Amino acid sequence: MLYRVVLVCFLGKFTADAYNESPCKDRVVDGRAGVCIDTSCCAHGDYKSGLCPTQPNHIKCCFNNDICAAEDCSGVEIVSRSQWGARNPTGSSTLSAPVNVVLIHHTAGSSCNSLSSCSATVKSIQNHHMNNKKWSDIGYNFLIGGDGRAYEGRGWTKVGAHSPNYNRRSIGISVTGNFEEDTPSSAVLQGIKNLIECGVSKGYITKSHTVHGHKDAKCTKCPGVHLYNTIQTWTNYGGKLPDYKC
Ligand SMILES: [Zn+2]
């Protein structure tokens, strides 16, 4: 009886998770977190029986992506390249998904607060990266505007140019503004979190990913002390990266 009460509390705590998935009986198995979902939704049939005891038979513990939720990016408005007026890249290479690492940057420039002003900001960053730095495209995979929208940079499937040691194994998200001086708004922080959730649900980021500031990969002030302090409070914050270089 006590067990049942405890289990109900446990389920109650987690059923508010994204996509209303409930946790498996042993939340982490072999270092991987699983969730109880319909077996037909579990990518590559990567599920185990016996870990969702209170659920009907077709619900099992899945250790891969929920393909039924694959298009659920409802929490974030992604502004496509064509919407913000991107130039075509002069080259690209494919990022092998899913990645385990999300790297947060700031643009260290001015912020913006609307679709039009953020589009202009992102365009000027792309021009700077292509014209002055001679990169093939804007460096980041995504940018978060001060309006909380996510502006598509190189996107989920292309290698970025934002953190040399980690470009090939991370998604780089840069927030417009300078967070050595400013404090990130709740809209910006929610935008980052929802974009990462979206990447997880689409299978571009692993469920067990960790989030880091650029300064966890090399010695830099990026993403600014105020944004960095906030990231450090997140449950998926991963600390200094193993290939940190200074
Ligand atoms: Zn950076």
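So the sequence shown is residues -18 to -1, 1 to 228, counted in mature numbering (1 follows the signal peptide of the UniProt record, and there is no 0).
Yeah, the Cβ is synthetic: ideal placement off N, Cα and C, and Gly gets one too.
Quick caveat, the model's predicted, so the values are computed rather than measured.
**Asked** Apart from the five residues just before and just after Ile174, which ones in its own chain have a Cβ nearer than 8 Å to its Cβ?
**Response** Ile86, Ile126, Ile155 and Val157
field: In DSSP terms, what Ala15 is bridged to
entry: Val10
**OP:** Determine the extent of the alpha helix (DSSP H) in which Glu179 is found, giving its start and end residues.
**Re:** Ser168 to Ser183
I'd like the list of long-range same chain contacts for Asn149, defined as Cβ closer than 7 Å, with 5 residues on each side in sequence excluded.
Val141, Gly142 and Ala143
Next on the checklist: Would you say the beta carbon of Cys6 is closer than 7 Å to some non-hydrogen atom of ligand 1?
Outcome noted: no
Measuring CA to CA, which of Val83, Gly185 and His194 is closest to His26?
Gly185
Looking at the secondary structure, which residues open and close the alpha helix (DSSP H) in which Lys105 lies?
Leu97 to Asn109
According to the neighbour-count rule (16 or more other Cβ atoms, all chains shown, within 10 Å of its Cβ), is Asp8 buried or exposed? exposed
message: Using a Cβ-Cβ cutoff of less than 7 Å, which residues in the same chain neighbour Lys105 once the five nearest sequence positions on both sides are dropped?
response: Trp66 and Gly67
Check your understanding: Who does Cys43 pair with in a DSSP beta bridge?
Key -> Cys18 and Lys30
Classify His196 as helix, strand or coil using the three-state DSSP reduction. helix
Within 10 Å of its beta-carbon, does Val83 have 16 or more other beta-carbons around it, so buried, or fewer, so exposed? buried
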